[in-house]
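Chemist: What follows is a single structure, and I will ask about it in a moment.
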Amino acid sequence: MALRKVKGNLERMFDKNLTDLVRGIRNNKENEAKYIAQCIEEIKQELRQDNVAVKANAVAKLTYLEMFGYDISWAGFNIIEVMSSAKFTYKRIGYLAASQSFHADTELLMLTTNMIRKDLNSQNQYDAGLALSGLSCFISSDLARDLVNDIMTLLTSTKPYLRKKAVLMMYKVFLRFPEALRPAFPRLKEKLEDPDSGVQSAAVNVVCELARKNPKNYLSLAPVFFKLMTTSTNNWMLIKIIKLFGALTPLEPRLGKKLIEPLTNLIHSTSAMSLLYECINTVIAVLISISSGMPNHSDSIQLCVQKLRILIEDSDQNLKYLGLLAMSKILKTHPKSVQAHKDLIMKCLDDKDESIRLRALDLLYGMVSKKNLMEIVKKLMVHMDKAEGTAYRDELLSKIIQICSQNNYQFVTYFEWYISVLVELTKMEGTKHGPLVATQLLDVAIRVQAIRKYAVQQCALLLENSYLLTGQPRATMSEVLYAAAWICGEFSSELEDPITTLQSMLRSQASSLPGHIQAVYVHNILKLATATLYKAEKDGDTETMEQIFALKDKIAAFVCSGDLEVQERSSSVLVLFECLKESPGLAEELMEAFEGELNPVAPKAQRKVPIPEDLDLDSWINDPPSESSDSEDLDMNDIFIKTEKVNDSYSKQEFNEPSAEELQKRREARKLEQQNNPHYLKGTFKNSTSYHNSSNIYEEFENIPVTELDIPVSLKVTNNRKRYKIHGKKNKKTKKREKPISEDEQDNVYPVQVVNTGIGELPPGAELSDSDEYDHVDVNDPHRALNIDLDLPLRDDERLPVLEHRVIENNLIQETTESKGKKKEKGHKKSKKKVKEVKEKRYNNQLELTDMWLENNTSTENTQPPVTNEYTEVFSKKESEWKDNKRKKSKNHEKHKKTDEDSKHRKSKKSKSKKESLKKSSDYEETAGISTPSKEILPDLRYNFANSENNTISAPATLYEELAQNKVLSITYELKQIPHESNKLVASIFITNNCQNLVKELVFDVPDTSSLRLMRNIGDGFGIKLPFQLPPQTSKETQFTVLISDVTFAQRLRGTLTYMLENKESTLQEKLDFTMHLTCSKFMVGDLSHKDILTELLKSGQLVHKIRKEIVLSQDFDVILNLICCKCNLTLVEQITDTASLYGHSLKGHHVCLLLKYNKSSANLIIEGKGDNNTLLSGIGEEILRILT
Amino acid sequence: MIKAILVFNNHGKPRLSKFYQYFNEDMQQQIIKETFQLVSKRDDNVCNFLEGGSLIGGSDYKLIYRHYATLFFVFCVDSSESELGILDLIQVFVETLDKCFENVCELDLIFHVDKVHYILNELVMGGMVLETNMTEILTRIEDQNKLEKQEAGITAAPARAVSAVKNMNIPQQIKEMKLPDLPQAIKDLKF
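Chains as they are written, first to last, in my numbering: chain A, 1 to 1189; chain B, 1 to 191.
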């Protein structure tokens, strides 16, 4: 057997290792795929071996192959096997393979939970580091939930290496398990002030990532970051902080004001370009956020622009690029300062680097003026001819259109030129911006009346020239034909030779166009033909008439189109032609149908159509479906329900009438949008439908409520907001029937060619707003779930998930190790409530503090102090003392933990090893690291306690009370509640053997009382036998679950402990009686289900019972308060100097409210209590007196 | 956040790929290919930032790269990273490689891609910058290598002997020497 193993090992030695594999692949360049397939076969063989080394080698090879795109997910199980190896070398290979091939949805990951936990808790920091690195790549929601406690523990590790990794890991945990964010955040915040700069930097990194998506939740951290910024010298961290500030300033302009000075100082002083650049960026963000002027406002802008110029002029292309990037941000708010550097930017347009040219293009729209527009566009056109990549050409095209159309063609003085530019642009091949050019053509033709003749001519030419028709099938430029056809049809009176145009539209190639273009063709052929026919009839020009009727056959070709719309329209047109031919004079009537001016329609106008008052969308049109029918049924239903659904969204919008303020805001937003968006005429494509509703046939449709609202009312908006308002009102008064306001009402800024600058038609009364923009936030973005208010104090139920202990179900368990540590932790739990009060208070103050800090607009000369300064200012003296105490305590605690940390690790290791478990009692189930998933639940108490309570800051007070003592044994106990169990308490009993002899066969005998009962196992009979012995001078702990049926009065649990004392000669049976006191406070739970519960309770009149106690005390009130809260399980609701209100409820939900008033001069404490149970209330009152005296 | 770190040579052969966001293998290869096409056609004297990778990220993402001799080091990052910072990070990465491999060249990356991963793991974790201080990084790598050596101990001796024998495959080694992309020594790397 052994021989075979050795032989096997030897053979294995000649297996390919990674180097061999790489070499082999390089030597088999011709048939690489075949070679690799062969290698994978070998790897599969190797993976079947038992030897971990062989497996690791195979997995390493797989990892290499993965890089070349080979799927290795089939080896997932083997990878996990290698990961679980005890050897670091193999573990590392395993984790690397896992981090390359696993991802959050890998199902195998559920097998890894315990293994990773073991590694995280490993004594070797590199094992833990490995686990963290790997985990960061493939953490799933389940892993995040199960391991968050272990990672949290690592946050307090003594090793900065692990702290650093754990901090970064927390971000990944938050993404997968957002519930962890709030409980873990305080700890993360502490890490911002970690002694190790690497850890600090990691914490900053994590907060920055978190704040980037949800900045408003992190505003309260601004003082901390400010301090870091002014004290740190780590450029990496500074960059992150400064970037973070850039994200925060838009939310809080006061912060910006505070930042300007330190940032400008940094700009002046730093030599690091990266830092300089980020500073400039943030200063720009600040300046954008500060709307009102600041004294040195323009100075800062000047400084930024100057520095940026230096960057742009630098020979380093990277700096040039970034300089331009930052410049474009300034341009948005301070165009003037950028315009001064026009020369520089124009120069960059000629740069050989495409990235730089693109950035310069972005800046260009701020550089143009009426004078240089044509010159710049010409230059861009030249670039476009030369450009190679289509992406760059597309960019150029859209930029040309953007700079020309900005601000309603503000800089275009000569529209013939612009039309010819657009026509020129249509010659560009392979662009995706065809629709853009089409929209521009339509927009210009509609808005600029004077240009129509020219535009129509050009469009007729476009229709005639076939290059657009014969272009590549996927070329979008054919969209332009849509515009051209429409323009020619709509403004047919301007056409010189309509017959030619008609013929060119009816060419057979037209059938290759997309359906929607063909449809427009057909419709406009009708319009054009009708107009021409009418004219010919009037003139008696029979020749033309003949020509037109001859077109009929060609129109018939459209009937065969695959597009339904085209088919239908062309059929109608054919019939109409027939009618026209038979009854002369019909052309005139048909012409009337096409009369009337078409105006631009505002984007979203359709959605703004209000719902008529008499339309009740909530009433059933049909009989309501039966209850059982769900939404799926609705879809099966008729159209009415569908329309109802759609309209519902409108109604919501309409019913939320925006306030005046909102309107103002929206208007400004709209103005901005208009400036930036040249394509606001999105509605024009729908013109053909609104055409039918034009004014002259309006009467026929008057009865239909919806059409009434579709009447074209031109809200001619000039840039003057006031005028806009007047128009709006006027329109309303005149019942919205006004004809469009004529052009001469416009601002006659450009006398030659007036541009209709209205936003377009909207239903009367409707406003164009941004608010109804669809939300484009990615639903899958995990950051959505992380939008959590971090300033609210933690609720009780907000805990990191803790593996539940089995004790409670089994009702009997013994703890063999670490009872001391546990004791501490338990005290911890109790004192947590106390801590919470403090926390709550601190949180409330925190917001104010941030406010104060921001208000205090001191300059940077006194940089660091502000934080601490104001803390002391805000808190009363007493409070600050209290805080200081807390701080000290927490520090002590911190130290404590650190020293404990190692021992804990060691112990946890040990406890898992089999040797140790032999010493333990036999029925205690231990897990052995990873292995099977069935052992998923780790009943290892250390995890619970070590982790769940780590958040607390205060040092725990031991709450073990003495139960009984004789010369052999001493027993102490502690009672604790089980969350969500209203009738159980757990009694932890801690037995110490004080003598020099072995104590064994310990049996607890506790007779049940009317309201108390001990939960026992079946077969326990009268007494509960403890499954352990007590060697001399040792302590053990055990737990009982006590069932309580009445929680309103103090109770006693009497019992006897019998045991055998082993002497040298004989064994003696002895017994020890004990009495366990279950005071009222043991049944109390001190948490507030919600904030106002106290006032609500007091108002409700539920609390009929009252007590009043008085006591003379010389202690400090805060100390008293602390003591009462802590001992009686009550929550501090509110404290105003020497008055405080407390609240708590019993396990069964009886309320107790206390009001404490303390008179300093007489050292007199008055306790007034209200409650809904008299015995409980007086019991508590009694207890408080007992505690205090 | 760093979304991906790619290293490939002048012919687009991947030498290291690390994705911090999940893509399946095919997608990964496509991304590498696209990135190579974008990066390789750029002159050496243009800027090191590149937008327009369509497969990875979208508008918020940038490619930041450096070209050393035969290798491209490309980082795909979002807007929360500082552009110049990432350039420095690439520099730190390459310098660390240089220290660890003593005059790093492409062959080192080819034959020790696992080690390169381990080194990268000390710089970047889960897409976030972990450490930028080179001495600290080197200590960590040293420590872990020591650990590995300890574990190997005597048992590894036969394996080492075998691999030495394998390495004595002289004709093949000569072939190796002739490979066209045998890179220049580190002195050609421009720092």
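Every residue gets a Cβ at the ideal spot worked out from N, C-alpha and C, and that includes glycine. Nothing here was measured: the structure is a model prediction, and the numbers come from that model.
Report the three-state DSSP secondary structure of Lys-1106 (chain A) (helix, strand or coil).
Modeler: Along the first sequence, read from residue 1 onward, the residue named residue 1106 (chain A) stands at position 1106. Reduced to three states, the DSSP call for Lys-1106 (chain A) is strand.
Chemist: Can you have a look at Leu-1045 (chain A) and say buried or exposed, based on whether 16 or more other CB atoms are within 10 angstroms of its CB?
Modeler: Stepping through the first sequence from its first residue, residue 1045 (chain A) is reached at position 1045. As written in the sequence, residue 1045 (chain A) is Ser, which differs from the Leu given in the question. Result: exposed.
Chemist: When the cut-off is 8 angstroms and only beta carbons count, does Gly-69 (chain A) lie next to chain B?
Modeler: To locate residue 69 (chain A), count along the first sequence from 1; it is residue 69. Output row for Gly-69 (chain A): interface = yes.
Chemist: If you reduce the DSSP assignment to three classes, tell me which class Val-1042 (chain A) lands in.
Modeler: Residue numbering aside, residue 1042 (chain A) sits at position 1042 when the first sequence is read from its first letter. In this structure, Val-1042 (chain A) counts as strand in the three-state DSSP scheme.
Chemist: Would you mind reading off the limits of the beta strand (DSSP E) that contains Tyr-1143 (chain A)?
Modeler: Reading the first sequence from its first residue, position 1143 is the one you call residue 1143 (chain A). Here the beta strand (DSSP E) through Tyr-1143 (chain A) covers 1139-1146.
Chemist: Measure how close the beta-carbons of Ile-548 (chain A) and Leu-526 (chain A) come, nearest whole angstrom, since I'm counting them as under 8 angstroms.
Modeler: Walking along the first sequence from the start, residue 548 (chain A) turns up at place 548. Walking along the first sequence from the start, residue 526 (chain A) turns up at place 526. Not really, about 11 angstroms apart at Cβ, beyond 8 angstroms.
Chemist: With a threshold of 8 angstroms, are at least 3 pairs of Cβ atoms found where one atom belongs to the region 397-415 of chain A and the other to the region 350-368 of chain A?
Modeler: Short answer: they touch.
Chemist: Classify Met-1076 (chain A): buried if its beta carbon has 16 or more other beta carbons within 10 angstroms, exposed otherwise.
Modeler: Here residue 1076 (chain A) is taken as the residue at index 1076 of the first sequence, counted from 1. The residue is buried, with at least 16 neighbouring Cβ atoms inside 10 Å.
Chemist: 8 angstroms is my cut-off, CB to CB: does Tyr-118 (chain B) come that close to chain A?
Modeler: Mapped onto the second sequence, residue 118 (chain B) falls at position 118. Yes, contact with chain A.
Chemist: Taking the straight line between their C-alpha atoms, what separation do you get for Lys-904 (chain A) and Leu-120 (chain A)?
Modeler: Numbered from 1 along the first sequence, position 904 holds the residue referred to as residue 904 (chain A). Numbered from 1 along the first sequence, position 120 holds the residue referred to as residue 120 (chain A). Here the model assigns Lys-904 (chain A) a pLDDT of 49, short of 50, so the residue's position is not dependable, and the following value carries that caveat. Distance between the alpha carbons of Lys-904 (chain A) and Leu-120 (chain A): 13 angstroms.
Chemist: Roughly how many whole angstroms lie between the Cα atoms of Arg-1013 (chain A) and Ala-203 (chain A)?
Modeler: Working through the first sequence from its first residue, we reach residue 1013 (chain A) at position 1013. Working through the first sequence from its first residue, we reach residue 203 (chain A) at position 203. When rounded, the distance between both Cα atoms is 50 angstroms.
Chemist: Since I believe Val-448 (chain A) is in contact with Phe-411 (chain A) (beta carbons under 8 angstroms), could you give me their beta-carbon distance rounded to a whole number of angstroms?
Modeler: Translated into positions along the first sequence, residue 411 (chain A) becomes position 411. Translated into positions along the first sequence, residue 448 (chain A) becomes position 448. About 14 angstroms separates the two Cβ atoms, so there is no contact after all.
Chemist: Just to confirm the assignment, what range does the beta strand (DSSP E) spanning Tyr-65 (chain B) have?
Modeler: For the purposes of this step, residue 65 (chain B) is identified with residue 65 of the second sequence, where counting begins at 1. It spans 62-68 - the beta strand (DSSP E) in which Tyr-65 (chain B) sits, taken as one unbroken run.
Chemist: Which residues does DSSP list as the beta-bridge partners of Glu-1134 (chain A)?
Modeler: What you label residue 1134 (chain A) is simply residue 1134 of the first sequence in a count that begins at 1. The partner list for Glu-1134 (chain A) (beta bridge, DSSP) reads A:Ser-1141.
Chemist: Anything in chain A within Cβ reach of Met-134 (chain B), meaning under 7 angstroms, just list it in chain order.
Modeler: Here residue 134 (chain B) is taken as the residue at index 134 of the second sequence, counted from 1. Residues of chain A passing the Cβ test: none, with the nearest at roughly 13 angstroms.
Chemist: Name the DSSP bridge partner or partners of Leu-1057 (chain A)?
Modeler: Your numbering for residue 1057 (chain A) matches position 1057 in the first sequence. DSSP output for Leu-1057 (chain A) lists A:Phe-1004 and A:Leu-1072 as bridge partner(s).
Chemist: Identify each residue in the region 137-149 of chain B for which the Cβ-Cβ distance to at least one residue of chain A is less than 8 angstroms, and report them in chain order.
Modeler: Listed in sequence order: Arg-140, Asp-143, Gln-144, Leu-147 and Glu-148.
Chemist: If you measure beta-carbon to beta-carbon, which residues of the region 322-356 of chain A are closer than 8 angstroms to chain B?
Modeler: Answer set for the region 322-356 of chain A: Leu-322, Lys-352, Asp-353, Glu-354, Ser-355 and Ile-356.
Chemist: Between Lys-976 (chain A) and Leu-998 (chain A), what straight-line distance do the alpha-carbon atoms span, to the nearest angstrom?
Modeler: Reading the first sequence from its first residue, position 976 is the one you call residue 976 (chain A). Reading the first sequence from its first residue, position 998 is the one you call residue 998 (chain A). Going by the C-alpha atoms only, they are around 30 angstroms apart.
Chemist: For Lys-1170 (chain A), I'd like the list of residues in its chain whose CB is within less than 6 angstroms of its CB, leaving aside the five on either flank, ordered along the chain.
Modeler: In the first sequence, the residue the question calls residue 1170 (chain A) occupies position 1170. Leu-1103, Lys-1106 and Cys-1153, listed in sequence order.
Chemist: What does DSSP give as the partner residue(s) for Phe-68 (chain A) in the beta ladder?
Modeler: Translated into positions along the first sequence, residue 68 (chain A) becomes position 68. DSSP lists no partner for Phe-68 (chain A).
Chemist: In the DSSP output, what is Glu-496 (chain A) paired with across the bridge?
Modeler: Locating residue 496 (chain A) in the first sequence gives position 496, where the first residue counts as 1. Glu-496 (chain A) pairs with nothing; no bridge assigned.
Chemist: Can at least three beta-carbon pairs, one atom from the region 1110-1126 of chain A and one from the region 1161-1168 of chain A, be found at a separation below 8 angstroms?
Modeler: Touching, yes.
Chemist: Quick one: grab the DSSP three-state call for Ile-1166 (chain A).
Modeler: Stepping through the first sequence from its first residue, residue 1166 (chain A) is reached at position 1166. In the structure shown, Ile-1166 (chain A) sits in a strand (DSSP, three-state: E or B).
Chemist: Could you please give me the residues that DSSP links to Ala-987 (chain A) through a beta bridge?
Modeler: Position 987 of the first sequence, counting from 1, holds the residue named residue 987 (chain A). Per DSSP, A:Leu-975 and A:Phe-1040.
Chemist: At what residue ranges does the region 379-433 of chain A contain a whole run of the alpha helix (DSSP H), taking only runs of 4 or more?
Modeler: Entirely contained in the region 379-433 of chain A, the alpha helix (DSSP H) runs reaching 4 residues are, in chain order, 390-409 and 415-425.
Chemist: Spell out whether any CB of chain D is found under 8 angstroms from the CB atom of Cys-208 (chain A).
Modeler: No chain D is present in this structure, whose protein chains are A and B.
Chemist: For Trp-1192 (chain A), which residues in chain B fall below 8 angstroms Cβ to Cβ?
Modeler: The question about residue 1192 (chain A) has no answer, for chain A in this structure spans 1 to 1189.
Chemist: Please decide whether Asn-78 (chain A) counts as near chain B, where near means a Cβ-Cβ distance under 8 angstroms.
Modeler: Looking up residue 78 (chain A) in the first sequence gives position 78. Not one chain B Cβ lies under 8 angstroms of Asn-78 (chain A).
Chemist: With Pro-195 (chain A) as the anchor, note down where its beta strand (DSSP E) starts and where it stops.
Modeler: Sequence index remark: in the first sequence, residue 195 (chain A) carries index 195 (1-based). Taken as a continuous stretch (DSSP letters only), Pro-195 (chain A) belongs to no beta strand (DSSP E), as it is neither H nor E.
Chemist: Once you ignore the five residues that flank Gln-339 (chain A) on each side, which residues in its own chain have a CB closer than 7 angstroms to its CB?
Modeler: As a first step, residue 339 (chain A) is located in the first sequence; it is residue number 339 there, counting from the start. Correct list, in chain order: Gly-366 and Met-367.
Chemist: Would you mind sorting Leu-617 (chain A) into buried or exposed? The rule is 16 or more other CB atoms within 10 Å of its CB.
Modeler: The count along the first sequence starts at 1 and reaches residue 617 (chain A) at position 617. Classification for Leu-617 (chain A): exposed.
Chemist: If we define contact as Cβ-Cβ less than 8 angstroms, is Ile-110 (chain B) a contact residue for chain A?
Modeler: Counting from 1 along the second sequence, the entry for residue 110 (chain B) is found at position 110. Taking Cβ atoms only, chain A reaches closer than 8 angstroms to Ile-110 (chain B), which makes this a yes.
Chemist: Could you tell me the distance, in whole angstroms, from the CA atom of Pro-933 (chain A) to the CA atom of Phe-138 (chain A)?
Modeler: Mapped onto the first sequence, residue 933 (chain A) falls at position 933. Mapped onto the first sequence, residue 138 (chain A) falls at position 138. Residue placement at Pro-933 (chain A) cannot be trusted, given a pLDDT of 40 that sits under 50; what the coordinates show is reported in the next sentence. Roughly 18 angstroms between the two C-alpha positions.
Chemist: I want to see whether chain B comes within less than 8 angstroms of Glu-313 (chain A), judged by CB atoms only; does it?
Modeler: One-based indexing of the first sequence puts residue 313 (chain A) at position 313. With 8 angstroms as the cut-off, Glu-313 (chain A) does not count as an interface residue toward chain B.
Chemist: Jot down the residue ranges of each uninterrupted beta strand (DSSP E) in the region 147-176 of chain A, minimum 3 residues, whole runs only, in chain order.
Modeler: Those beta strand (DSSP E) runs which fall completely within the region 147-176 of chain A and span 3+ residues do not exist here.
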